[in-house]
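Structure, as structure tokens:
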Amino acid sequence: MTALFFSAYYLKVEGEVGADLALRGLDNPLKLWLHGYLGQFFHFTVMGFLSWLMIPVYIYVFLNGKKVGRPVQGVLLFLALFGVLIAVKGFFNHRYIITLLPVYTVIVFHFVGNFLRRNTAVPNPYILLFGFAVFTSISVLTVSFVTHRTDSDWNAIKMKYYKWISARDHKKKIVKKSATPFATINLLNDTTIPTSVFVNELPIFYYYTNLKGIYYNPLYDFYYSAHGKVKLLEDRSDNEVVAYLTDSLNCRFVFTSESKNSFNPRFADILQSRFDTLAKDSYYLLFVVKDD
Amino acid sequence: MINIIVGISLLLTLWLTLFSSANLLCSNMVLRKITTRHVDRWIFIAAFPVFLSVVIYYLLLFNLPANFVFGVMALLVIGTGIFGLPVFSRYIYSSFRHINSRVEYAFIAALSFFILISFFLSLIMPVYSNDLAEYVMLSRYFIDGNTQFIDGERFFENTGFYYIGLHAPGFPLLGAFGDWVFSLHNYGNAVFIKSITGVYAALLLFVSYLYFKKVWNRPIVAVMPIFLFISSYGVIISMVKFHIDTIRIFTILAVVYVILNKNRFSSLYYTILGVVCGLACFIHSLNVFFVFILVFIDFINSDLRGYNKFLKYFISALYIIGLGGIYYLLELTFGSGWVLGEL
Numbered sequence: 001m002t003a004l005f006f007s008a009y010y011l012k013v014e015g016e017v018g019a020d021l022a023l024r025g026l027d028n029p030l031k032l033w034l035h036g037y038l039g040q041f042f043h044f045t046v047m048g049f050l051s052w053l054m055i056p057v058y059i060y061v062f063l064n065g066k067k068v069g070r071p072v073q074g075v076l077l078f079l080a081l082f083g084v085l086i087a088v089k090g091f092f093n094h095r096y097i098i099t100l101l102p103v104y105t106v107i108v109f110h111f112v113g114n115f116l117r118r119n120t121a122v123p124n125p126y127i128l129l130f131g132f133a134v135f136t137s138i139s140v141l142t143v144s145f146v147t148h149r150t151d152s153d154w155n156a157i158k159m160k161y162y163k164w165i166s167a168r169d170h171k172k173k174i175v176k177k178s179a180t181p182f183a184t185i186n187l188l189n190d191t192t193i194p195t196s197v198f199v200n201e202l203p204i205f206y207y208y209t210n211l212k213g214i215y216y217n218p219l220y221d222f223y224y225s226a227h228g229k230v231k232l233l234e235d236r237s238d239n240e241v242v243a244y245l246t247d248s249l250n251c252r253f254v255f256t257s258e259s260k261n262s263f264n265p266r267f268a269d270i271l272q273s274r275f276d277t278l279a280k281d282s283y284y285l286l287f288v289v290k291d292d
Numbered sequence: 001m002i003n004i005i006v007g008i009s010l011l012l013t014l015w016l017t018l019f020s021s022a023n024l025l026c027s028n029m030v031l032r033k034i035t036t037r038h039v040d041r042w043i044f045i046a047a048f049p050v051f052l053s054v055v056i057y058y059l060l061l062f063n064l065p066a067n068f069v070f071g072v073m074a075l076l077v078i079g080t081g082i083f084g085l086p087v088f089s090r091y092i093y094s095s096f097r098h099i100n101s102r103v104e105y106a107f108i109a110a111l112s113f114f115i116l117i118s119f120f121l122s123l124i125m126p127v128y129s130n131d132l133a134e135y136v137m138l139s140r141y142f143i144d145g146n147t148q149f150i151d152g153e154r155f156f157e158n159t160g161f162y163y164i165g166l167h168a169p170g171f172p173l174l175g176a177f178g179d180w181v182f183s184l185h186n187y188g189n190a191v192f193i194k195s196i197t198g199v200y201a202a203l204l205l206f207v208s209y210l211y212f213k214k215v216w217n218r219p220i221v222a223v224m225p226i227f228l229f230i231s232s233y234g235v236i237i238s239m240v241k242f243h244i245d246t247i248r249i250f251t252i253l254a255v256v257y258v259i260l261n262k263n264r265f266s267s268l269y270y271t272i273l274g275v276v277c278g279l280a281c282f283i284h285s286l287n288v289f290f291v292f293i294l295v296f297i298d299f300i301n302s303d304l305r306g307y308n309k310f311l312k313y314f315i316s317a318l319y320i321i322g323l324g325g326i327y328y329l330l331e332l333t334f335g336s337g338w339v340l341g342e343l
């Protein structure tokens, strides 16, 4: 309960990239541990407390190895090793933690069910098993909602859908103008853009437009070119960065989002000070360089 | 409204023919002689689309034109699917004949409704997440005949797009296959690749139900784990937010299932293990680590000894490489060196 309270109310998980940002010093460092390396146990939004329910299972298998059999022992050992792998290598992405959830569900249910079946003192084990399943489900769901902080997923689910099916005409390889729910994308498509667009790691730009975009990685500050990865901000002042964008890369527009801007505060500052906001929608932002 | 009805019908037809042709293969394969369990059969039916993407990968690797490859595959799959529909229908009917409780009917009805909703959302929702956009972009390039990624080239100079994913192209290729068929009907919007999420989420729940029904032999117990399964917010989002997760999790659970049922598959175990492991690898690079650890543990735990043991697992390794691992070998040697990067 203490861990639950601490994790839920103190850390305030903002979106799914908390641990990733924390790793780069852009967020609460405690988040790196509780929602990153130990995310299987403390990222309640994703796993509920199923990982905690697995601890007695691990103890039981460890103490009764011969009784459970080698295949089960092997799978539990694999889960433990895989959990360590996720903690070390995949901690920044909560979707990798979810991989364990179906397996944990089956194993927990199996062990609890077998325990109830073998316990002759229990009159009807299946009712108890049903009660266990329902109670655990409600508890896990409650915990998930309590600890959930991000709005992006709910926005996606509640997003007003458009009566729009074939915005892309594959045969003619064009995008029908003003056909997406994103005002920024529609503006890019409806206007004749004489230059390239600087794209802040948003591949959706390439899907919905036929424009050329310079693809930038804000976390590591480089963009992709035919010659490989090229640094943008390194060894350049803000004015030099803007001049480089407009003169060397021929980019007067920047397509980005609030969350991508948070990955590189300096780049976000340059956008705020040297660019004007041309369009904004629920997900994306379109900037144009200020005319001096 | 008519567009939506037609779109859902097309999706249903394409998926039905995919599974129907898979069922035809399962019925005629030697697998029929070693198992008649529904769980086994559905796992192999569900693995078939991934196998299809592996075949497409090899054909594109040998520089065959993309339109030709997709066209031939579509003809073969849809043709065999339609041919195998009576067999598939009989199989579905025989499965439903054993349902005699209202709880099970309610579960099946809920699952069917979930699939329909998923198809509806696939049709109308735009591509809005970054990860999905990456996969869809690659899928679109395949459909448009630009297969440079197959040879390891990730930078598309004409648009400036760079594909950053490190996973094998199983998911985008499967999506490309389905969306190529859809593009014939002038449907854009990456409909088929989005539908993969809902279909494999439903398969996860359905196969879990079949498994527990076999183990517990009580209908209401068979649907209980579903409560636990969908109680996490993360899982709910994974099932409705278009992404690679459900097919990734399904393929790796198939590997776990095969290992746990080792004794039933007897002499074919090592072949089946290699096949499901390879297909799992072809979907996601995380599965490669999964497979490596699982097979290693299985190797240590194996009752076989000496030369026979090494030979059996060597055969499995060949299948793993041939059916998915080859992409990572090529990436390691000629491509981005994926294992040195992040997952």
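Quick mapping for you: the protein sequence lines, in order, are chains P and F. Take 1 as the starting number for the first sequence in the numbering used here and just add one per residue. Take 1 as the starting number for the second sequence in the numbering used here and just add one per residue. Think of the CB as a built atom: it goes at the ideal place given N, C-alpha and C, for glycine as much as any other residue.
Check: For the structure I just gave you, are there three or more beta carbon pairs, one from the region 292-312 of chain F and one from the region 71-87 of chain P, closer than 8 Å?; Outcome: yes
Check: Kindly indicate which residue of P:Leu63, P:Pro56 and P:Tyr96 has the alpha-carbon position closest to the one of P:Met47.; Outcome: P:Tyr96
Check: Is it the case that the region 213-229 of chain F contacts the region 167-187 of chain F, given that we only count it when at least three CB pairs across the two stretches are under 8 Å?; Outcome: no
Check: Does any C-beta atom of chain F lie closer than 8 Å to the C-beta of P:Ser248?; Outcome: no
Check: Which runs of the alpha helix (DSSP H), 4 residues or longer, sit entirely within the region 240-276 of chain P?; Outcome: 258-261 and 265-274
Check: Taking Cβ positions, are P:Ile204 and P:Val242 nearer each other than 8 Å?; Outcome: no
Check: By the 10 Å Cβ neighbour count, where 16 or more other Cβ atoms means buried, how is F:Asn100 classified, buried or exposed?; Outcome: exposed
Check: Nearest to P:Leu249 by CA position, among P:Val134, P:Glu234, P:Asp235 and P:Tyr223, is which residue?; Outcome: P:Tyr223
Check: Can a CB atom of chain F be found closer than 8 Å to the CB of P:Lys212?; Outcome: yes
Check: Could you tell me the alpha carbon to alpha carbon distance between P:Gly213 and F:Tyr141, rounded to whole angstroms?; Outcome: 16 Å
Check: Taking the alpha-carbon of F:Gly322 as reference, which of F:Leu294, F:Ile297 and F:Val275 has the nearest alpha-carbon?; Outcome: F:Val275
Check: Give every residue of the same chain whose Cβ lies closer than 7 Å to the Cβ of F:Val87, excluding the five residues on either side of it in the sequence, and list them in chain order.; Outcome: Asn23, Leu24 and Ser27
Check: With 8 Å as the threshold, decide whether the Cβ of P:Gly39 is near any Cβ in chain F.; Outcome: no
Check: Pick out whichever of P:Asp221, P:Ser225 and P:Ala226 has its Cα sitting closest to the Cα of P:Asp235.; Outcome: P:Asp221
Check: Which residue's Cα is closest to the Cα of P:Thr180: P:Gly69, P:Tyr284 and P:Val72?; Outcome: P:Tyr284
Check: What residue ranges within the region 69-93 of chain F form continuous beta strand (DSSP E) runs of no fewer than 3 residues, ordered along the chain?; Outcome: none
Check: For the beta strand (DSSP E) containing P:Ser196, list its first residue and its last residue.; Outcome: Ser196 to Asn200
Check: Measuring alpha carbon to alpha carbon, tell me which residue in P:Leu116, P:Phe135 and P:Tyr206 is nearest F:Glu157.; Outcome: P:Tyr206
Check: Does the region 116-128 of chain F touch the region 196-208 of chain F, meaning 3 or more C-beta pairs lie closer than 8 Å?; Outcome: yes
Check: Helix, strand or coil: which one does DSSP assign to F:Tyr162?; Outcome: strand
Check: Do F:Val77 and F:Leu16 have their C-beta atoms closer together than 8 Å?; Outcome: no
Check: Is it the case that the Cβ atoms of F:Ser20 and F:Gly71 are separated by a distance below 8 Å?; Outcome: no
Check: Against chain P, does F:Asn217 count as a neighbour if the rule is that its beta carbon must be under 8 Å from one of theirs?; Outcome: no
Check: Starting from P:Val106, trace the alpha helix (DSSP H) both ways and give me its first and last residue.; Outcome: Leu100 to Arg118
Check: Taking 8 Å as the threshold (beta carbon to beta carbon), is P:Val134 in contact with chain F?; Outcome: yes
Check: Relative to the C-alpha of P:Thr209, which residue among P:Leu34, P:Val197 and P:Pro218 is closest?; Outcome: P:Val197
Check: How big is the Cα-Cα spacing for P:Lys171 and F:Leu184?; Outcome: Low per-residue confidence applies at P:Lys171: pLDDT is 44, beneath 50, and the placement is therefore not dependable, though the value from the model is reported in the following sentence. Going from the Cα of P:Lys171 to the Cα of F:Leu184 covers about 8 Å.
Check: Helix, strand or coil for F:Ala190, going by three-state DSSP, please let me know.; Outcome: coil
Check: How long is the line joining the alpha carbons of P:Thr246 and P:Arg274, rounded to whole angstroms?; Outcome: 12 Å
Check: When DSSP labels each residue in this structure, what does F:Ile4 get in the three-state scheme?; Outcome: helix
Check: Measuring alpha carbon to alpha carbon, tell me which of F:Gly7, F:Phe314, F:His284 and F:Met137 ends up nearest F:Leu166.; Outcome: F:His284
Check: From the DSSP output, in three-state form, read off P:Val288 for me.; Outcome: strand
Check: Any idea what DSSP makes of P:Ala211, helix, strand or coil?; Outcome: According to the sequence provided, residue 211 of chain P is Leu. The question's Ala does not apply to it. Coil at P:Leu211, not helix or strand.
Check: Please report the distance separating the alpha-carbon of F:Tyr307 from that of F:Tyr270.; Outcome: 15 Å
Check: Using a cut-off of 8 Å between C-beta atoms, extract the partners of F:Asn301 located in chain P.; Outcome: Arg70, Pro71, Gln73 and Gly74
Check: Of all the residues that make up the region 197-208 of chain P, which are near chain F by a beta-carbon distance shorter than 8 Å?; Outcome: Val199, Glu201, Leu202, Pro203, Ile204, Tyr206, Tyr207 and Tyr208
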